[in-house]
Each structure stands twice: as C-alpha cells, then as structure tokens.
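Adding 3 to a residue's 1-based position in the sequence shown gives its number in the numbering used here. We put the CB at the ideal spot given by N, CA and C, even for glycine. Report on one structure; see the data block that follows.
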Amino acid sequence: SNGNVLVAGGTELSYNALSSAEVYDSFTGLWTTAGTMNEARLWHTASMLTNGSVLVAGGTSHNGVLLSSAELYG
C-alpha cells in the first residue's frame with residue numbers, strides 16, 4: 004500500500020534456493036536489503052497482513068524438502 008515491493012527467496016540460475024530479501028521502492032527506483040530469511044526457500048507464498056506486514060511461508064529448500072516455517076517482514 005506504500006508503493007514498496009518485497010522480493011524474498013526464490014532461486015538462482017543453478018536452482019539453489021535463496022534466503023535473501025530485498026525491498027523495491029517504486030517511487031525512488033531503489034532496492035534495499037530486508038535481511039536474510041532463517042531458511043532459504045523457493046515455491047513459497049507471501050501474503051500482506053492487515054497491519055501491512057508480509058508473511059512469507061512454506062515452500063521448499065533447494066533439495067526439495069518441504070518447509071513448515073515462516074518469516075515476517077514489516
């Protein structure tokens with residue numbers, strides 16, 4: 004709602020899961036780090052909560068192990 008976009012986790016070209024998180028400010032065009040997740044993850048979900056925080060949950064590790072953990076940003 005403030006024009007910022009959270010990009011968390013995912014995969015690199017060699018399909019290793021990422022633990023990085025960055026925020027893109029659509030007004031300034033700048034990227035800033037949002038910290039490192041406790042677990043690298045891909046195929047996860049992210050949902051904005053009513054208080055503006057973002058919950059990043061589930062997904063898999065780079066070796067296909069299902070993750071039951073979650074991260075909270077905001």
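Item	Value
Would you kindly work out how many angstroms separate the C-alpha atoms of Asn19 and Ser50, rounded to a whole number?	23 Å
Count the other C-beta atoms from every protein chain shown that fall within 10 angstroms of the C-beta of Gly62, then say buried if there are 16 or more, exposed otherwise.	buried
Alpha carbon to alpha carbon, how far is Ser29 from Gly6? Give it in angstroms, no decimals.	6 Å
Assign Glu74 to buried or exposed, taking buried as 16 or more other Cβ atoms, counted over all protein chains shown, within 10 Å of its Cβ.	buried
Beta-carbon within less than 7 Å of Leu21's beta-carbon, same chain only, minus the 5 sequence neighbours each way: which residues are those?	Gly12, Gly13, Thr14, Glu15 and Ala43
Can you tell me whether Leu70 is buried or exposed? The criterion is at least 16 other CB atoms within 10 Å of its CB, across all chains shown.	buried
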